[in-house]
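As you go down the protein sequences, you meet chains A and B in turn.
Under the numbering used here, the first sequence is numbered contiguously, ending at residue 129.
Under the numbering used here, the second sequence is numbered contiguously, ending at residue 471.
Where a beta carbon is used, it is the ideal one built from N, C-alpha and C, also for glycine.
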Amino acid sequence: ILNVEQSPQSLHVQEGDSTNFTCSFPSSNFYALHWYRWETAKSPEALFVMTLNGDEKKKGRISATLNTKEGYSYLYIKGSQPEDSATYLCAFLGGGFKTIFGAGTRLFVKA
Amino acid sequence: GAVVSQHPSWVICKSGTSVKIECRSLDFQATTMFWYRQFPKQSLMLMATSNEGSKATYEQGVEKDKFLINHASLTLSTLTVTSAHPEDSSFYICSASQGDSYEQYFGPGTRLTVT
Numbered sequence: 019i020l021n022v023e024q025s026p027q028s029l030h031v032q033e034g035d036s037t038n039f040t041c042s043f044p045s046s047n048f049y050a051l052h053w054y055r056w057e058t059a060k061s062p063e064a065l066f067v068m069t070l071n072g073d074e075k076k077k078g079r080i081s082a083t084l085n086t087k088e089g090y091s092y093l094y095i096k097g098s099q100p101e102d103s104a105t106y107l108c109a110f111l112g113g114g115f116k117t118i119f120g121a122g123t124r125l126f127v128k129a
Numbered sequence: 357g358a359v360v361s362q363h364p365s366w367v368i369c370k371s372g373t374s375v376k377i378e379c380r381s382l383d384f385q386a387t388t389m390f391w392y393r394q395f396p397k398q399s400l401m402l403m404a405t406s407n408e409g410s411k412a413t414y415e416q417g418v419e420k421d422k423f424l425i426n427h428a429s430l431t432l433s434t435l436t437v438t439s440a441h442p443e444d445s446s447f448y449i450c451s452a453s454q455g456d457s458y459e460q461y462f463g464p465g466t467r468l469t470v471t
């Protein structure tokens, strides 16, 4: 059974804090790793698609790294803002082209 | 671009009735659509994958006679929960991809409550 784990399950930070969360996934048959941002009552929004070991991607204050050999990805948010409050999902796409999601990290940013 | 709508956003139905959920790609042609369900504090679990004009492929453990999926056009897929029971109460969300791309675009989801 393929497992994608995200930690922590939830996180409370103050505005201005930097934060990071982890996504662990199988290290074999890797094809791609997706990060999504999911605000309540909205559609999950794609942040990054990562395919190469050592990839680093950045979008504004959010960045992500990828280690396919050890099976983990980190998502970083620099200087968190209240509007960053959301659930951050990672999804592993393996050789069978089936996407397996983690349960998400719920981020709360207090003003 | 790449907007997916889902309707209804929430529905309450009585046990034994059927409920249809629609998933539409608004500005692109969705060759493949995916249906997921999510229980509280758990991850999105893939139920089935459907390609336009062909039968859906169901994941192990998902009853195809209970969760009827129709992907009749390149912009519309429907999920019908037949003879719904309280244990079918869940959050259902669809996504769509185009061509050979593995990027998925999600709808906002449907909260189903069966009483």
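Look at Glu33 (chain A) here: in three-state DSSP terms it is coil, with no helix or strand label. With respect to the 9 Å criterion, Trp53 (chain A) and Ser91 (chain A) are classified as neighbours on the basis of their beta carbons. Taking a Cβ-Cβ cut-off of 7 Å, the neighbours of Pro62 (chain A) in chain B comprise Phe462, given in sequence order. When DSSP states are grouped into helix, strand and coil, Glu57 (chain A) belongs to the coil group. Around the beta-carbon of Asp444 (chain B), 16 or more other beta-carbon atoms lie within 10 Å, marking it buried. Not a single CB atom of chain A sits nearer than 9 Å to the CB of Lys411 (chain B). By the C-beta density criterion, Pro62 (chain A) is buried, having at least 16 other C-beta atoms within 10 angstroms. At least one CB of chain A lies nearer than 9 Å to the CB of Lys397 (chain B). Taking C-alpha positions only, Asn38 (chain A) is separated from Ser28 (chain A) by approximately 11 Å. In the three-state scheme derived from DSSP, where H, G and I count as helix and E and B as strand, Glu63 (chain A) is classed as strand. Across the set B:Val375, B:Ser410, B:Cys369, B:Pro396, the C-alpha of B:Ser410 shows the shortest separation from the C-alpha of Thr388 (chain B).
When secondary structure is reduced to three states using DSSP, Glu101 (chain A) falls in the helix class.
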